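These notes concern the structure reproduced below.
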Amino acid sequence: MKNKALYLYLALACFVGIILIFIFDGYIGLYDTLVMDNGQYPQKVEADQWSPERYGYLANTGVERGGRVDFTYTVENHRFSEYGETVSVTLWHNQDKLSDILTQTVTVKTFDKAEVKWSLDAESLVPPGYPSDINYNVSVVITRGDIERRALLSINPSPFVPKPVPAVPPR
């Protein structure tokens, strides 16, 4: 009788251990998210949505010319040690680097999170002389250590092109 209870407790301990392994395995680690807010609707890219091979497309958002997009990149540390790394953001069009937006060192305490925020003005990204009725795509590349994340910013033409008002002749 004594041995039966011992085996029951041992089986329960193993069962609880397996459950704890699944909980910790799904929770412990580093997670990064990106929120892209174009003023109409914010779009959130979760940690498991970064892979274009899995979803078939890059994370993307659109903005009209003359608009602005606010970005919030969040690094969540679900580990038992502090995490520190340099985050850099660059803009690319096709294979051409347009500019470096920011480079910032992020330090995240144990089981905490840190945010990096920046904004992009759509009109300043479109080169002068680019046709006003054609989309212009910019890749936002976020590098954290040796991890690279990409999001596509599509700058759409304005729904209408304002025509200049002719001057009123003096009377």
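Residue numbers for the sequence shown follow our numbering, beginning at 5 and rising by one. In this text, a Cβ means the ideal position worked out from N, Cα and C, and glycines have one as well. None of these values were measured; they are calculated from a predicted model.
Report the three-state DSSP secondary structure of Asp29 (helix, strand or coil). In the three-state reduction of the DSSP assignment, Asp29 falls in the helix class.
Please give me, in chain order, every unbroken run of the alpha helix (DSSP H) with length at least 4 that falls completely inside the region 53-106. With a minimum length of 4 residues, the continuous alpha helix (DSSP H) runs that stay inside the region 53-106 are 56-59.
Assigned exposure category for Thr37 - 16 Cβ within 10 Å defines buried: Answer is buried; the Cβ neighbour count reaches 16.
Collapsed DSSP secondary structure at Ser123 in the structure displayed: Three-state DSSP puts Ser123 in a strand.
Distance CB(Asn42)-CB(Gly70) smaller than 8 Å: The answer is no: Cβ separation not under 8 Å.
For Lys117, list the residues DSSP reports as bridge partners. According to DSSP, which records beta bridges pairwise, Lys117 is partnered with Glu80.
Measure the C-alpha to C-alpha separation of Lys117 and Leu10 and round it to an integer number of angstroms. Distance between Lys117 and Leu10, taken at the CA atoms: about 43 Å.
Taking Gly66 as the reference, give the member of Asn160, Arg175, Pro174 with the closest Cα. Out of Asn160, Arg175, Pro174, Asn160 has the C-alpha closest to the C-alpha of Gly66.
In its own chain, which residues sit with a C-beta less than 8 Å from the C-beta of Ser130, not counting the 5 before and 5 after it? Reading off the sequence, residue 130 comes out as Val, not Ser. Excluding residues within five positions, the ones whose Cβ falls inside 8 Å are Arg69, Tyr140, Ile159.
What does a CB cutoff of less than 8 Å around Ser103 pick up in its chain, not counting 5 residues either side in sequence? In the same chain as Ser103, and ignoring 5 residues on each side of it, the C-beta atoms closer than 8 Å to its own belong to Thr94, Leu95, in chain order.
By how many angstroms is the C-alpha of Tyr13 removed from the C-alpha of Phe28? Approximately 22 Å between the Cα atoms of the pair.
With a threshold of 16 other CB atoms inside 10 Å of the CB of Phe75, please say whether the residue is buried or exposed. Taking all protein chains shown into account, Phe75 has 16 or more neighbouring C-beta atoms within 10 Å of its C-beta and is therefore buried.
Can you name, in chain order, every residue of its own chain whose Cβ lies under 8 Å from the Cβ of His97, other than the five neighbours on each side? Answer for His97: Tyr140, Asn141, Val142, Ser143, listed in chain order.
Residues near Thr114 by beta carbon distance below 8 Å, same chain, minus five either side: Excluding sequence positions up to five before and after Thr114, its CB lies within less than 8 Å of the CB of Asn81, Arg83, Phe84, Ser85, Glu86, all in the same chain and listed in chain order.
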